[in-house]
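Residue numbers (my numbering), protein chains in the order written: chain U, 477 to 739; chain X, 17 to 268.
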């Protein structure tokens, strides 16, 4: 018994070590509760199959000609939907009281948040990898080749990581994980559906075209299409990076403030 | 083990805390000497947990001041956190992870290296009788097993002061005896233990001194024997009832 309470207390971990510990926890959660991730990825997977085989012929002449247009869009959809988990996980920790222990430890205050974002990166990679693999199985060959695919997924991950901060802020502001989940869905579904993910906006009514053209998801999808097709548009990529920067500039400080207030 | 640089482990003066319209603490004074086991007793809602949460730097007091091992709990919260360990009332382990993974993860957060955390986790799982369930997800654990894992996590690294908020609630007698054995060992090695409990006969046997909190103030303080003598009662249970008669009934 005595061995339990004697010995020297080690030095507290640095900010990076603590962040890695929280990232390790996030990876363990993916391993133990994979259904949480796959429930969300199921939506873009079903949309990819349904739109390609059901509507692809009508929309683009043949499913094979439609898929290169659709896949960058469902790829964006998958990663954006998964990004909500950044807020859900944080909210769950708050509601269950597990943050009380973290706060009694001598670790960097924001390590739980930073570690969660690190874990998100793994989720995004899994989501992007699955949808890309599905596309390849269905006959999709990105014209941009490996460099275009890597650049496309890289830009998407960078954007999603920045968007994570909006979800962490929302997760801290809302009371329950369920509220976070439904708010996230209410925000993301209109944005991903009323965009250029599935069809070009030119056949839409004027008011909808106006929305689609300002919808940030449309810009992201256009940038992704360019990268995957091997003819990236510097303007669109810059637009995405600026939007991502703006998200961090607003929501990272807001997250830190809300975390300090609630935790 | 610890140099007794601070003869007083916990010193609180006039701690006040309000939640909305409820005055949880209305001026709590406490003094716990280093190397002792100090029991905080009181009915549900009396302010025991709020006091512990303030002393463990989780809550800021609205008024009054407190030092833990010579460090102010508000202005020197970081220094306090380096010296304490806390087992809060709510279970603070991750249900999705296994028992062992929880300890490995929290061990890293306590500053243990990879191999140190592994060795420590194995020892604690053994000591808290969880070795058989180490590889199972915590969501499959019984209430008592969760409580034991939570306590084990509080002993990952040695602390100068252990805050244990109702450490034995929900535990069977064997597990309770085990916890008290560890608490005694901690005090013998020079650490201080500040605990709250509903089991007064246990406080009577284990604690060097106790304070009875009621309606947010300390209504009595002393050794268990002294309190019994002062009030002319035979057990701490009777002392408790005599001191907290008004609220004990309403809180039950």
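Using N, Cα and C, we set each Cβ at its ideal position, and we do this for glycine too.
**Report entry** is_contact[residue 581 (chain U), chain X] using C-beta, thresh 7 Å
**Finding:** The residue given as residue 581 (chain U) occupies position 105 in the first chain. Cβ-Cβ to chain X under 7 Å: yes for residue 581 (chain U).
Do you know offhand how far residue 244 (chain X)'s Cα is from residue 212 (chain X)'s?
Along the second chain, one-based indexing puts residue 244 (chain X) at 228. Along the second chain, one-based indexing puts residue 212 (chain X) at 196. Roughly 19 Å between the two C-alpha positions.
- Quick one: what does DSSP say residue 17 (chain X) is sitting in, helix, strand or coil? In the second chain, residue 17 (chain X) corresponds to position 1, counting from 1. Any reading at residue 17 (chain X) is ruled out, since the residue's pLDDT is 49, under 50, leaving its predicted position unreliable.
- Query: Are there three or more Cβ pairs, one per stretch, closer than 8 Å when the stretch 600-619 of chain U is compared with the stretch 678-688 of chain U?
  - Reply: no
TODO: Give every residue of the same chain whose Cβ lies closer than 7 Å to the Cβ of residue 122 (chain X), excluding the five residues on either side of it in the sequence, and list them in chain order.
DONE: Against the second chain, residue 122 (chain X) aligns to sequence position 106. Only 169 and 172 meet the Cβ criterion.
| request: Classify residue 92 (chain X) as helix, strand or coil using the three-state DSSP reduction. | output: What you label residue 92 (chain X) is simply residue 76 of the second chain in a count that begins at 1. In the structure shown, residue 92 (chain X) sits in coil (DSSP, three-state: anything other than H, G, I, E or B).
* Can you find a C-beta in chain U that's less than 7 Å from the C-beta of residue 174 (chain X)? -> Numbered from 1 along the second chain, position 158 holds the residue referred to as residue 174 (chain X). Closer than 7 Å: yes.
Point to revise | Proximal residues, the stretch 588-609 of chain U versus chain X, C-beta separation under 7 Å | key: none
Which same chain residues, not among the five before or five after residue 596 (chain U), have their C-beta less than 6 Å away from its C-beta? In the first chain, counting from the first residue as 1, residue 596 (chain U) sits at position 120. Counting only Cβ-Cβ distances below 6 Å, and skipping sequence neighbours, we find 562 and 640.
### Message
If we define contact as Cβ-Cβ less than 7 Å, is residue 124 (chain X) a contact residue for chain U?
### Response
Start at 1 with the first residue of the second chain, and residue 124 (chain X) comes out as number 108. Taking Cβ atoms only, chain U reaches closer than 7 Å to residue 124 (chain X), which makes this a yes.
Do the stretch 132-145 of chain X and the stretch 612-626 of chain U make contact, defined as three or more Cβ pairs closer than 8 Å?
-> no
Chain-ordered neighbours of residue 628 (chain U) on chain X, where CB pairs are closer than 7 Å: Start at 1 with the first residue of the first chain, and residue 628 (chain U) comes out as number 152. In chain order: nothing, as chain X lies at least about 32 Å away.
Are any of the Cβ atoms in chain U nearer than 7 Å to that of residue 205 (chain X)? On the second chain, position 189 is the one that residue 205 (chain X) refers to. Yes, residue 205 (chain X) lies at the interface with chain U (some Cβ there is under 7 Å from its Cβ).
request  = Mind listing the chain U neighbours of residue 260 (chain X)? Cutoff is C-beta to C-beta under 7 Å, in chain order.
outcome  = As a first step, residue 260 (chain X) is located in the second chain; it is residue number 244 there, counting from the start. What residue 260 (chain X) touches in chain U: nothing, since even the nearest Cβ is about 27 Å away.
Practice task
Name the one or two DSSP bridge partners that residue 229 (chain X) has.
Solution key: Taking the first residue of the second chain as position 1, residue 229 (chain X) is located at position 213. Paired residues: X:234.
Q) Can you list the alpha helix (DSSP H) stretches of 4 or more residues lying completely in the stretch 514-584 of chain U, in chain order? A) 532-536, 539-559, 561-572 and 574-580
If you reduce the DSSP assignment to three classes, tell me which class residue 54 (chain X) lands in.
In the second chain, residue 54 (chain X) corresponds to position 38, counting from 1. Correct three-state label for residue 54 (chain X): strand.
Supposed close pair residue 181 (chain X), residue 53 (chain X) - CB separation, criterion 8 Å: In the second chain, residue 181 (chain X) corresponds to position 165, counting from 1. In the second chain, residue 53 (chain X) corresponds to position 37, counting from 1. Not quite, the Cβ-Cβ distance comes to about 14 Å (not below 8 Å), so this is no contact.
Straight-line Cα distance separating residue 697 (chain U) from residue 616 (chain U):
As a position in the first chain, residue 616 (chain U) is number 140, starting the count at 1. As a position in the first chain, residue 697 (chain U) is number 221, starting the count at 1. The straight-line gap from Cα to Cα measures roughly 17 Å.
Three or more C-beta pairs closer than 8 Å, one from the stretch 233-244 of chain X and one from the stretch 199-206 of chain X: is that the case here?
no
Using DSSP with H/G/I as helix, E/B as strand and the rest coil, what is residue 736 (chain U)? Along the first chain, read from residue 1 onward, the residue named residue 736 (chain U) stands at position 260. Note: residue 736 (chain U) maps to helix in three-state DSSP.
Give the residues of chain U in contact with residue 153 (chain X), contact being defined as C-beta atoms less than 7 Å apart.
Walking along the second chain from the start, residue 153 (chain X) turns up at place 137. Per Cβ cutoff of 7 Å: 508.
- Query: Whole alpha helix (DSSP H) runs in the stretch 153-179 of chain X with 4 or more residues, listed along the chain?
  - Reply: 159-170
Does any residue of chain U bring its CB to less than 7 Å from the CB of residue 198 (chain X)? Taking the second chain and counting its residues from 1, one reaches residue 198 (chain X) at position 182. Yes, because at least one Cβ of chain U sits closer than 7 Å to the Cβ of residue 198 (chain X).
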